[in-house]
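So for the sequence shown, the numbering used here puts the first residue at 1; every next one is plus one.
Just so it is clear, CB atoms sit at the ideal spot from N, CA and C, and this is done for glycine as well.
Computed from a predicted structure; not experimentally measured.
Below is one structure, written out as structure tokens; comments come after it.
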Amino acid sequence: MTDGIARPWALMRHHAGWADVFLIEKESADSITGVYPDRETVGPPVNYSVRAILARFETLEAARAAREGAVLEWRKHDAAVRDAEAALRDAEKAREDAWLNCLRGAAG
């Protein structure tokens, strides 16, 4: 591993649909150490497995632009997700009603 990291900026999964920009300060074959510069308080360096990296970039601006583009792409699917969640709730309600009706029918 060399001292210079070719692409020191990374996107790390924060939660579904969002990634945080991460500055890689040290890297080994299986781990990275760095900080989150966009957070209100930049704490001490943290360690992660290299598998936690979603994507790498040469500049902070490139990482931020990629994150914003990905958010826009994620939002394109919001309506379909809401529709699927509503259909799932309806299906779960029908399953629950069928189960209760079966139990009541067996008891009466």
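- Remark: C-beta atoms of A19 and L54 approach each other more closely than 8 Å.
- Taking all protein chains in view, the Cβ of V21 is crowded by 16 or more other Cβ atoms within 10 Å, so the residue is classified as buried.
- Separation of V42 and Y36 (C-alpha to C-alpha, rounded to the nearest whole angstrom) is 6 Å.
- L11 sits away from A86, with the two beta carbons spaced by 8 Å or more.
- Taking the Cα positions, K26 is about 28 Å away from V71.
- Note on geometry: alpha-carbon atoms of Y48 and R75 lie some 28 Å from one another.
- Taking 8 Å as the cut-off, the beta carbon of W9 is found closer than this to the beta carbon of E58.
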